[in-house]
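Position one of the sequence shown corresponds to residue 0 (numbering that gives the first Met the number 0), numbered consecutively onward.
As structure tokens, the structure follows; a few thoughts come after it.
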Amino acid sequence: MEGSLFGRRVLLIISGGIAAYKSLELVRLLQKEGAIVHGLLTQGGQKFITPLSVSALTGAPVATDLFSSDDDERLSHINLSRQNDLIVVAPATANLLAKMAHGLADNLASAVLLASNVPVLVAPAMNSVMWAHPATEANIATLRARGVLQVGPARGFLACGEEGEGRMVEPLEILDAVRGFFQNAAPSDQTMTGALSGLRALVTSGPTYEPLDPVRFLGNHSSGKQGHAIAAALAAQGADVTLVSGPTCLEDPKHVHTIHVQTARQMLEACQKAGAVDVVVCAAAVADWRPVLSADTKMKKGLLPPSVMLTVNPDILETLATQQMNRARLVVGFAAETDHVVDYAKAKLLKKGCDWILANQVGQELGFGKDDNEIIFLKRLAHDEIAVEPWPRLSKQDVAERLALQVAQYFAQVKRDAA
Ligand code: C5P
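Written out as structure tokens, the structure reads:
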């Protein structure tokens, strides 16, 4: 997706005003510009629009509750306050502005704003008398002095039937303010946007197909969703990404150089031809074996089925992780397991010589073709010690963004160590 907000993460807090319905339009406008939008709807906001309408547009769960029983870590106030480049409050009611000015944290929106260390843009919306009230004026002055950005309000007819200043500005004007913010903003070290510029990344994705004859093959059910999302997430952080993909139904990710292959051997060859890179992520489900012989013409049915002799395919991850020349500074693999996930993944990490492994349990509910992933993140430390970090259940997109952030933090540390 092209656009001036490509890869920017925006948290949209929608509080309770009639203008809340306009925020649905704002979600679309931000997305059209390439932003990744997450929604937070206050109790008041829910009187005007539903969490379902927001999540249908953002494609992600909507945060609504400070003390939610569903312990989706993505929606905790700390995560929401940190994992974005900008927080937009639209509409911003007099009540929420007052809470912000006084540092209250009695609902999810105010708690996120208090816990936040990212810039905030407010689009106030209220009755004109409330807007002109000295209390609101003082609150706005306090917020502005703290660096909170403001767009509007506009003059016009208000929902209460009066005319005056207090209308939320139109979504296009808020979009302009967001664009303006990012044009002027220096790349933030905190959120690491653009943190991988200047680095080269190689990602493998999808299955491989190993031909038996021109129409039949050995393969697997990998959709390529996770690998493609990783390639896109690394590109969004500014990396120069080559994606080597087996056959999938997915579109090539934007801003990524994609090479299409069929077999494991072609995948390895394409990876080796990609030349020196800084980071490799092997997310492909490479077929472990291939038929020794592949017929040139379609095999005919006989009385007995043919026997197929198999031979072992090259292990791409292991080859790239253990190569003497031009080994990437960071090599990351996946380990899909049905049981003993951590133990098997630890063994795999050491055997294949990679630096990190994302281990995931595959079975009925999670795995190939599904949209969510539950990852245990393993990092090799000094003396072959291994750190184990379970991640909450996340969409494959969020896993990709979290991994890209880890990669960005890794290279930021490398840079600091070298300085
Ligand atoms: O051994 P296993 O298939 O479980 O290892 C999974 C990891 O190794 C994944 O990162 C996968 O992309 C990689 N792999 C590979 N080449 C193979 C087999 C696996 O790159 N032939």
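Ideal Cβ positions, reconstructed from N, Cα and C, are used throughout, including at glycine.
- request: Classify M191 as buried or exposed, calling it buried when 16 or more other Cβ atoms lie within 10 Å of its own Cβ.
  value: Because M191 carries a pLDDT of 48, less than 50, the predicted location of this residue cannot be relied on, and no value is offered for it.
query: In its own chain, which residues sit with a C-beta less than 6 Å from the C-beta of R401, not counting the 5 before and 5 after it?
result: Cβ within range, chain order: n/a, list empty.
task: Please name the residue, chosen from M129, L11 and I17, that lies closest to A60 on a Cα-to-Cα basis.
output: It is worth fixing the name first, because residue 60 is Pro in this sequence and not Ala. Taking only the C-alpha atoms, the option nearest P60 is L11.
query: Taking the C-alpha atoms as reference points, what is the distance between V111 and I13?
result: V111 and I13: Cα-Cα distance of roughly 13 Å.
- prompt: How would you call A263, buried or exposed, if buried means at least 16 neighbouring beta carbons within 10 angstroms?
  reply: Result: buried.
- prompt: Going by the C-beta, is V285 closer than 6 Å to any heavy atom of the ligand C5P?
  reply: With a cutoff of 6 Å, V285 counts as near the ligand C5P, since its C-beta is closer than that to a heavy atom of the ligand.
- request: Compare the C-alpha of D338 against each of I375, N325 and L174 and name the closest.
  value: If we check each option's Cα against that of D338, I375 comes out closest.
field: For S394, the residue or residues it bridges with in DSSP
entry: D371, per the DSSP bridge assignment.
- prompt: Of the choices A108, H37 and A122, whose alpha-carbon is the least far from that of Q82?
  reply: The residue with the shortest Cα to Cα distance from Q82 is H37.
- prompt: Between K347 and I385, is the Cβ-Cβ spacing less than 7 Å?
  reply: Using a Cβ distance threshold of 7 Å, K347 and I385 do not count as a contacting pair.
field: Closest Cα partner of I48 within the set A417, A18, D239 and V240
entry: Answer by Cα proximity: A18.
message: What would DSSP say about G332, mapped onto helix, strand or coil?
response: Secondary structure of G332 (DSSP, three-state): strand.
task: Evaluate A381 with the Cβ neighbour count: other Cβ atoms within 10 Å of its Cβ, from every protein chain shown; 16 or more gives buried, anything less gives exposed.
output: Exposure of A381 is indicated by the presence of fewer than 16 other C-beta atoms within 10 angstroms of its C-beta.
task: Please list the segments of the beta strand (DSSP E) lying wholly inside the segment 112-138, counting only runs of 3 or more residues, in order along the chain.
output: You should have 119-123.
message: Is it buried or exposed, H101, if we count other Cβ atoms within 10 angstroms and call 16 or more buried?
response: The residue in question, H101, is exposed, as its Cβ has fewer than 16 Cβ neighbours within 10 Å.
message: Going by C-alpha to C-alpha distance, which of D370, R379 and V406 sits closest to R392?
response: The option with the nearest alpha carbon to R392 is D370.
- request: Under 7 Å Cβ to Cβ from V387, same chain only, skipping five residues before and after it: list those, please.
  value: Contacts found: V341, I375 and L377.
query: Roughly how many angstroms separate the alpha carbons of L174 and L25, rounded to a whole number?
result: Computed Cα separation, rounded: 7 Å.
task: Indicate, with yes or no, if the ligand C5P has a heavy atom lying under 6 Å from the CB of A91.
output: Not under cutoff, so the answer is no.
Range of the contiguous beta strand (DSSP E) that encloses R8: Residue range R8 to I13 is occupied by the beta strand (DSSP E) that includes R8.
task: Using beta-carbon positions only, say whether P123 and A91 come within less than 7 Å of one another.
output: Cβ atoms of P123 and A91: closer than 7 Å.
query: How would you call R182, buried or exposed, if buried means at least 16 neighbouring beta carbons within 10 angstroms?
result: A small correction: the amino acid at residue 182 is Gln; Arg does not occupy that position in the sequence shown. Counting of Cβ neighbours within 10 angstroms places Q182 among the exposed residues, the total staying below 16.
message: Can you tell me whether C159 sits near the ligand C5P, meaning its C-beta is under 6 Å from at least one heavy atom of the ligand?
response: Closer than 6 Å to some heavy atom of the ligand C5P: that does not describe the Cβ of C159.
query: Do you know offhand how far V260's Cα is from A228's?
result: In this structure, the alpha-carbon of V260 lies about 18 Å from that of A228.
- request: Measure the CB-CB distance between A238 and A273 and report whether it falls below 7 Å.
  value: With a cutoff of 7 Å on beta-carbon distance, A238 and A273 are scored as not near each other.
message: Taking a contact to mean a Cβ-Cβ separation below 7 Å, would you say M125 touches A93 in this structure?
response: Yes, they are a contact pair.
task: Report the partner residues of I35 according to the DSSP bridge assignment.
output: Per the DSSP secondary-structure output, I35 pairs in a beta bridge with R8.
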